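**Student:**
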Amino acid sequence: MAVPEKDQIASPRHLGAGDWKTVVLRTFKTMAQPDTSLRCAGVAFFSFVSIFPAIAIVVLLVGILGDRGFLIDQIERLSDFMPEIALTVIVDQLDSLLNQPRSGLGIGLAVSVVAALWSGSRGVDALIYAASAAYYERPQRNFFIAAALSFTVTIASAAFMIVALSLVAAIPIITSFSPIPGTAERLALLLRWPALMALAILAFALLYRFTIDRRSARIRWIWPGSVLASLLWMGVCLLFSLYVENFGEFEASFGSLAAAVVLLFWLYISALIFVLGAAFNAEIELQTTRDTTIGPDRPMGQRGAYVADHVVD
């Protein structure tokens, strides 16, 4: 099979076996850099700090707009991807807040909103910085644009999570109309995983497209990393949950801090996988001399993105 020339690679589908080998090796090289691990640790820390204030906001919204029991049911569905010991931290906090009188949430809610937005936006900043580095970029947005983007992504992420949980919860309702008796529950289980996969791919793709400080890549150069990151995230989180539940000795090692440590480690793994998807996309773009950015084609050096303006041998 002929090896495609760099100027003939118009999409990832046109990459040859040698190109894919280079992509994989260079992706591993990026992930092996110490800075990558440190950036993802920062993402995990700020995400951890933002979880509990965010829970207070969600509790108030659900208390006003919906059934409070529904919220806990949907959070417990995360047990497939999050170790039970870590999920217990979130569920216990939810239960505590749900049992408070609504009048007691007033001042606490205001504090929670500020805390969640601040810590959440810091986590988004760290995530953008880590993913941008994987694309060989250094964020250069001014303070106000960067802050606006961080707050927007933080709020959008929370809204996306609520919508995603609601859509997954709607699957059993939809399958209950199945004309074949006794198939509703089986259909719900079968559809649940593809639905979660589709939502994860969409979330990763949106973040890769709109948060990296560069001229945005065309969607065909974004989906490979989005699919890879989604598959890895679902698979690795499932394996991590099984390990913690069956083989991990976190409680013996960390005592009362075990749940917090497991949750932090889960967030760290998720951040690593997100950055890996970004690095994978970046290395794919480096395999072609074609313009991979949106808009009219531009010559190399004028495309506003390092990986679009350069090519590897």
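Going by UniProt numbering, the first residue of the sequence shown is number 1, and it counts up by one from there. Even glycine gets a Cβ: it sits at the ideal position worked out from N, Cα and C. All of these numbers come straight from a predicted model, not from anything done at the bench.
Between Glu137 and the ligand NAP, is there a pair consisting of the residue's CB and a ligand heavy atom that are separated by less than 7 Å?
**Tutor:** Within the structure as shown, the ligand NAP is missing, as the structure has no ligands at all.
**Student:** From the DSSP output, which residues share a beta bridge with Ala308?
**Tutor:** Paired residue(s): none; Ala308 is not in a bridge.
**Student:** Could you check whether Ala217 and residue 314 sit closer than 8 Å to each other, using their CB atoms as the reference points?
**Tutor:** The first residue shown for the chain is 1 and the last is 313, placing residue 314 beyond what the model contains.
**Student:** Once DSSP output is grouped into helix, strand and coil, what is the label at residue 314?
**Tutor:** No answer is possible for residue 314: the residues shown for the chain start at 1 and end at 313.
**Student:** Count the CB pairs spanning the region 117-137 and the region 149-158 that are closer than 8 Å, and state whether there are at least three.
**Tutor:** Enough Cβ pairs lie closer than 8 Å, so yes.
**Student:** So is Val111 buried or exposed if we call it buried at 16+ other beta carbons inside 10 Å?
**Tutor:** Label assigned to Val111: exposed.
**Student:** If we ignore side chains and look at the alpha-carbon of each, how far apart do Ser96 and Gly301 end up?
**Tutor:** If you take the alpha carbons of Ser96 and Gly301, they lie about 56 Å apart.
**Student:** What ranges does the alpha helix (DSSP H) occupy inside the region 13-62, keeping only unbroken runs of at least 4 residues that lie completely in it?
**Tutor:** Within the region 13-62, the complete alpha helix (DSSP H) runs of at least 4 residues are 17-31.
**Student:** Quick one, which of Ser256, Glu283, Trp233, Pro194 has its alpha-carbon nearest Ile222's?
**Tutor:** Answer by Cα proximity: Glu283.
**Student:** Could you pull out every unbroken alpha helix (DSSP H) segment of at least 4 residues lying fully inside the region 194-275, listed in chain order?
**Tutor:** Segments of the alpha helix (DSSP H) lying fully in the region 194-275: 223-246, 250-254.
**Student:** Taking the alpha carbon of Ala271 as the reference point, which residue from Asp19, Ser166, Val236 has its own alpha carbon closest?
**Tutor:** Here the closest residue by C-alpha is Val236.
**Student:** DSSP three-state label for Thr152, please.
**Tutor:** It is helical.
**Student:** Buried or exposed: which applies to Pro266, given that a residue is buried once 16 or more other Cβ atoms fall within 10 Å of its Cβ?
**Tutor:** The residue you asked about is not Pro; residue 266 is Trp in the sequence shown. That one is buried.
**Student:** Let me know the secondary structure DSSP gives Ile293 once reduced to three states.
**Tutor:** Note that residue 293 corresponds to Thr in the displayed sequence, not to Ile. In this structure, Thr293 counts as strand in the three-state DSSP scheme.
**Student:** Would you tell me roughly how many angstroms separate the C-alpha atoms of Gly44 and Tyr268, rounded to the nearest one?
**Tutor:** It should be noted that the sequence gives Ala, not Gly, for residue 44. Looking at the two C-alpha atoms, the distance is approximately 5 Å.
**Student:** My assumption, with CB atoms under 8 Å, is that Ile201 sits in contact with Val227. Please give the rounded CB distance.
**Tutor:** So it is a contact: roughly 6 Å between Cβ atoms.
**Student:** Return the residue from the list Ile128, Ser50, Met82, Leu87 that minimises the CA-CA distance to Ala278.
**Tutor:** Out of Ile128, Ser50, Met82, Leu87, Ile128 has the C-alpha closest to the C-alpha of Ala278.
**Student:** Taking all protein chains shown into account, do 16 or more other C-beta atoms lie within 10 angstroms of the C-beta of Val262, making it buried, or fewer, making it exposed?
**Tutor:** Label assigned to Val262: buried.
**Student:** Are Ala126 and Gly42 touching if we call contact CB-CB under 8 Å?
**Tutor:** Against a cut-off of 8 Å, the Cβ pair of Gly42 and Ala126 comes out as a contact.
**Student:** Under 8 Å, do Ala274 and Ala229 count as touching if we go by C-beta distance?
**Tutor:** Rather than Ala, the amino acid found at residue 274 in this sequence is Phe. Contact: yes.
**Student:** Go through its chain and collect everything with a Cβ distance to Val23's Cβ below 6 Å, but skip five positions before and after it.
**Tutor:** Within the same chain, Val23 has close Cβ partners Glu283, Ile284.
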